[in-house]
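A quick write-up on the structure given underneath.
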Amino acid sequence: MTNNDRDRSETNRARNGKSPDPAVTAALVSRRGAILAAVITATVGLVGAVIVALINTSAQPAKGADDRGAASTSPNATSAQPQETKPAEAPAEQVKLDADMGVDLDQPRATPVSASGPNGDMDLHFSGSYLAANRTGLFYYYGTEQEAKIQCPKIVSEGKGTVPGPTVISAGGQLCLRTSKGTVGWLSANDVKIGENSGYIVLNYKLFR
């Protein structure tokens with residue numbers, strides 16, 4: 330075989346061989362691009378979802394913290410705190426006057442002494458039948474012991490209902506008073522016995538200093 334024959338044979342084989350179809354090649358490239366784009370889109374979406382989930386998780390407080398916060402601000406937690414209690418009001422003091430005895434109520438420990446009347450520092454005097462006050466310092470009062478702290482200073486300052494002189498007071502009777510030093514107070518007869526020589530009166534009293 331000559332060289333010319335060999336060249337013609339190779340040329341014929343080249344012509345008879347199948348060359349790739351441009352349309353098929355384009356279709357394959359397009360399909361691969363679509364698959365790659367889908368994969369990229371899915372990957373990006375998955376990564377985005379994971380990031381959003383992480384952000385939401387970090388932004389939310391722990392459940393235990395929520396429970397503790399709710400417990401600290403709940404009305405029940407507030408009501409469970411101990412309530413402040415007001416100190417109890419001191420009870421009334423008491424003094425017993427026998428017949429012809431008087432007492433200076435301005436003294437820390439009022440002690441009855443023999444007296445002829447409510448003179449000098451003697452705020453009250455009991456004759457055995459009548460109770461008298463220094464400088465007409467007794468005033469009629471018809472309220473309660475609890476109200477006396479407000480009512481007696483008002484009654485005394487207005488000067489209304491003044492007891493004009495020695496008065497008979499029975500058990501349970503109440504009066505407002507003004508001491509020789511001008512202190513306002515309240516008194517109530519706890520027990521009374523009338524008698525010139527054997528009489529006595531037991532008084533409960535409070536001074537509002």
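Per my numbering, the very first residue in the sequence shown carries number 330; after that it's consecutive. Ideal Cβ positions, reconstructed from N, Cα and C, are used throughout, including at glycine.
- Taking Ala428 as reference, the option from Pro482, Ser458, Arg538 with the minimal CA-CA separation is Ser458.
- In this chain, Ala462 is not harboured by any alpha helix (DSSP H); it is covered by the beta strand (DSSP E) spanning 460-462.
- Residue burial annotation: Pro420 is exposed, with fewer than 16 other C-beta atoms found within 10 angstroms of its C-beta.
- The continuous beta strand (DSSP E) containing Lys522 extends over residues 513-522.
- Counting of Cβ neighbours within 10 angstroms places Ser517 among the buried residues, the total reaching 16 or more.
- Collapsing the DSSP output to three states places Val531 in a strand.
- Exposed is the label assigned to Lys489, since fewer than 16 other Cβ atoms lie within 10 Å of its Cβ.
- Closest option to Leu467, judged by alpha-carbon separation, among Gln423, Gly446, Asp452: Asp452.
- Distance from the CA of Arg538 to the CA of Asn526, rounded to the nearest whole angstrom, comes to 34 Å.
- Between Tyr529 and Lys535 the beta-carbon gap is near 21 Å, outside 8 Å, which marks them as no contact.
- In terms of Cα proximity to Asp433, the closest of Gly511, Ser499, Gly501 is Gly511.
- In the three-state DSSP reduction, Glu474 falls in the coil class, being neither helix nor strand.
- Take Val424, set aside five residues on each side of it, and the residues of its chain with a beta-carbon closer than 6 Å to its own are Val432, Ala439, Leu532, in chain order.
- Around the CB of Asn463, 16 or more other CB atoms lie within 10 Å, so the residue is classed as buried.
- Around the beta carbon of Ala444, a 10 Å sphere encloses 16 or more other beta carbons of the protein chains shown; the residue is thus reported as buried.
- Within the same chain, Gly431, Ala444, Gly446, Pro447, Ala461 come within 7 Å of His454 by CB-CB distance, once the 5 residues on both sides are set aside.
- In this structure, the CA atom of Tyr469 is about 23 Å from the CA atom of Gly449.
- According to the DSSP assignment, Glu422 belongs to the beta strand (DSSP E) that extends over 422-427.
- The criterion of a C-beta distance shorter than 8 Å is not satisfied by Asp435 and Ser486.
- Of all alpha-carbon atoms in Gly524, Val513, Gln475, the one lying nearest the alpha-carbon of Thr465 is that of Val513.
- Ser486 sits in a helix when the DSSP states are folded into three classes.
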